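Residue numbers (this note's numbering): 143 to 321.
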């Protein structure tokens with residue numbers, strides 16, 4: 143596990159000014175550190191570009207991949223494609239400060255940065271809040287739960303209209319709408 147801990151640490155002190163590329167393949171084990179298990183499986187590629195400048199670092203995190211999630215409606219598992227981009231500017235100062243969302247201040251003495259937290263946040267933010275199986279949306283998913291939900295749907299209001307007497311003025315207005 144020690145190697146895993148340092149796997150997401152980028153040492154920027156020895157790098158020349160300019161752009162540098164770092165690629166990571168994120169699997170299920172990555173999320174154990176964060177105790178995040180709100181998914182079945184993960185297969186995400188994280189491409190990080192570091193643009194080193196004389197007085198600051200600019201990171202661009204591009205994440206693409208697939209997370210296998212459980213549908214909120216049917217509880218059926220499905221593959222959710224995810225994609226996200228996160229930009230981070232690292233400046234140097236007297237003390238550590240991460241109060242701002244996209245600016246991090248590191249002490250002058252720092253020589254490396256752990257990007258694990260930023261990868262994690264970018265992935266979690268890319269997962270939709272409401273998880274709906276594509277088969278639920280297009281009606282192609284056959285599921286016992288969906289069948290049960292359909293059985294408990296309220297009856298259509300059209301059945302009750304025959305029993306009620308409708309004001310003839312409303313009928314005339316409806317005819318105008320339909321023309």
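Where is the CB? At the ideal position from N, CA and C, for every residue including glycine. Owing to the predicted nature of the structure, the values given are computational and were not obtained by experimental measurement.
Keeping to the same chain, check which residues put their C-beta closer than 7 Å to that of residue i; ignore five residues upstream and five downstream.
i, result
"residue 179", "173"
"residue 169", "184 and 185"
"residue 145", "Note that residue 145 has pLDDT 41, beneath the 50 cutoff, so the model's placement of it is unreliable and no number is given."
"residue 308", "none"
Out of curiosity, what's the CA-to-CA distance linking residue i and residue j?
i, j, result
"residue 149", "residue 224", "23 Å"
"residue 267", "residue 248", "24 Å"
"residue 177", "residue 312", "59 Å"
"residue 154", "residue 277", "46 Å"
"residue 143", "residue 258", "Confidence is the limiting factor: at residue 143 the pLDDT is only 38, short of 50, which leaves the residue's position unreliable, though a coordinate-based value still follows. One C-alpha to the other measures close to 14 Å."
"residue 254", "residue 272", "37 Å"
"residue 228", "residue 198", "17 Å"
"residue 236", "residue 275", "49 Å"
"residue 251", "residue 239", "14 Å"
"residue 218", "residue 171", "23 Å"
"residue 320", "residue 314", "10 Å"
"residue 260", "residue 212", "24 Å"
"residue 318", "residue 296", "29 Å"
"residue 214", "residue 264", "22 Å"
"residue 231", "residue 245", "5 Å"
"residue 181", "residue 167", "17 Å"
"residue 397", "residue 280", "Only positions 143 to 321 of the chain appear in this structure, which leaves residue 397 out of reach."
"residue 200", "residue 242", "15 Å"
"residue 310", "residue 316", "10 Å"
In the DSSP output, which residue or residues are listed as bridge partners for residue i?
i, result
"residue 235", "249"
"residue 163", "191"
"residue 206", "187 and 225"
"residue 230", "201"
"residue 152", "255"
"residue 212", "219"
"residue 168", "186"
Apart from the five residues on each side of it in sequence, which residues of its chain come closer than 8 Å, Cβ to Cβ, to residue i?
i, result
"residue 157", "192 and 194"
"residue 196", "159"
"residue 187", "165, 166, 167, 168, 205, 206 and 207"
Please list, in chain order, all residues of the same chain as residue i whose beta carbon is under 6 Å from its beta carbon, the five residues on each side excluded.
i, result
"residue 221", "208 and 210"
"residue 151", "254 and 256"
"residue 262", "176"
"residue 202", "191 and 229"
"residue 204", "189 and 227"
"residue 234", "248 and 250"
Review point. Using 8 Å as the threshold, is the segment 187–202 in touch with the segment 155–172, meaning 3 or more CB pairs across them?
Key: yes
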